[in-house]
Amino acid sequence: SNDINQIPLFFVLQCGVLRSISGQYPLVQNMTVTEGGTANLTCRVEYNDNTSLQWSNPAQQTLFFGDKKALRDNRIELVHASWSELTISISDVTLSDEGMYTCSLFTMPVRTAKAYLTVLGVPEKPEIDGLTKPAMEGDHITLTCMTQGSKPAADLRWFRNEKEIKGAKEVNASGKTFTVRSSLQLHVDRNDDGVAYTCKVDHVALTQTPQQATEVLEVHYAPRVDIIHSLAVPQEGQYLKLECVSKGNPSPDPVKWTKDGGELPDLDRMIVEGRELTFTSLNKTDNGTYRCEAGNHLGTSSAEYVLYVYDPNAVGQHGTDHALIGGVVAVVVFVTLCLIIVLGRYLARHKGTYLTNEAKGADDAPDADTAIINAEGNHAHAEEKKEYFI
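First residue of the sequence shown? That's 1 in the UniProt record's numbering, and the numbers climb one at a time after it.
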């Protein structure tokens, strides 16, 4: 009976030992933290029979043994210590903190678990080089964007205003971090004046707004000139305004107005105000070629406007005559088209019936077929007679 009573106790002890052994394994997790952040390292044991836990760094230096600090480093602090858990924190993490950390459970034998701490290098704010201010129209320039300190290597993206454009990327390793460059080739024209070129950094360590740098191009170019007139058909006695529109950078000097290559003849009626030339009351003597000229230090440009002043009465009479002639021509064309269509349909319906009807109308022909045959026969006899006579 004693043996029987001992059996349950034996199994209970055996099961307890197996449970203790199977549960006495430290559990850890890998950790990723951004440079300058805080890393929390946690080691847990499901079942622990008052056995101590210990954290050590990649250099196998003991950081904490239970709740006892072993390494003099103000950045390393105890978060929680018990028989089932040991959690420590490392603040202001640097790239040198990266590596394999070991949690040890001092059983017999000692059991360990390893957690890898990955430290992300934060890329520095990018810088754009290669921009000359101002740039000249027609120049070839290279914009280069650079960022340092990223881990892993950052990605650089270019934008022309809000539209993304492609650059040429170059990556160089520098210790544990990377230096990334991206170049943009530009053939500068006047359309680039005032355009913002932005270089943005994309990286896993940048959880909020990405780092970026922007440069606004200033492009100098020679002016282009155009003349805008207020009247389509200038007439005697009317008011006319000519505006010389010039666009250049730097802004063109004040425009110069000339007529037929010389000075303006009648400054009482021809008033120049800034870029505008106005005629208070047009007359025939104003006819001619008017030229406006504008320039800056990069060049000079000009535009011409040929003014012909019409007689108001002649313009009205010519308009009436032209309308009448146009109406008559339209009617004639319409009637002609109708006749062509009617005639075409008539001929299509009566095609091939003319000869048959003519034959049926003959008194000496019994029917159309006979008439046709006789006609062919007579023609043949005529040919025979002609050959016989020869």
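Beta carbons are placed, not taken as given, at the ideal position from N, Cα and C, and that holds for glycine.
Query: Who pairs with Ala135 in a beta bridge, going by DSSP?; Result: Val219
Query: What does the Cβ neighbour count give for Arg291, buried or exposed, with the cut at 16 atoms within 10 Å?; Result: buried
Query: Using the beta-carbon count (16 or more within 10 Å), is Lys200 buried or exposed?; Result: buried
Query: Is it buried or exposed for Arg275, if we count other Cβ within 10 angstroms and need 16 for buried?; Result: buried
Query: With a CB to CB cut of under 6 Å and the five nearest residues on each side skipped, what residues in its chain are close to Thr38?; Result: Ser89 and Ser91
Query: What residue range does the beta strand (DSSP E) around Thr207 cover?; Result: Element bounds for Thr207: n/a, residue is neither H nor E.
Query: Let's see if you can read the secondary structure: which residues bound the beta strand (DSSP E) around Val309?; Result: Run containing Val309: none; DSSP gives neither H nor E here.
Query: Around the C-beta of Phe334, are 16 or more other C-beta atoms found within 10 angstroms, so that it is buried, or is it exposed?; Result: exposed
Query: If you draw a straight line from the C-alpha of Val17 to the C-alpha of Gln24, how long is it?; Result: Low per-residue confidence applies at Val17: pLDDT is 38, beneath 50, and the placement is therefore not dependable, though the value from the model is reported in the following sentence. Using only the alpha carbons, I get a separation of about 11 Å.
Query: Less than 8 Å between the beta carbons of Ser251 and Val225, yes or no?; Result: no
Query: When the distance is taken between beta carbons, is Asp268 closer than 8 Å to Phe279?; Result: no
Query: For Arg291, decide whether its Cβ has a neighbour in chain B, counting only Cβ atoms nearer than 8 Å.; Result: Absent from the structure: chain B. Only one protein chain is present.
Query: Between Gly194, Arg111, Leu120 and Lys256, which has its C-alpha nearest Ile133's C-alpha?; Result: A small fix is needed here, since residue 133 is Lys in this sequence, not Ile. Comparing Cα positions, the closest option is Gly194.
Query: Short of 6 Å in beta carbon distance, which residues of its chain neighbour Lys169, apart from the five on each side in sequence? Order them along the chain.; Result: Ser182
Query: Is Ala330 helix, strand or coil by DSSP?; Result: helix
Query: If you draw a straight line from the C-alpha of Arg345 to the C-alpha of Val331, how long is it?; Result: 22 Å
Query: If you drop the 5 nearest sequence neighbours on each side, which residues of the same chain put their C-beta closer than 8 Å to that of Val33?; Result: Ala39, Val93, Leu117, Thr118, Val119 and Leu120
Query: Among Lys256, Leu282 and Leu184, which has the Cα closest to the Cα of Thr144?; Result: Leu184
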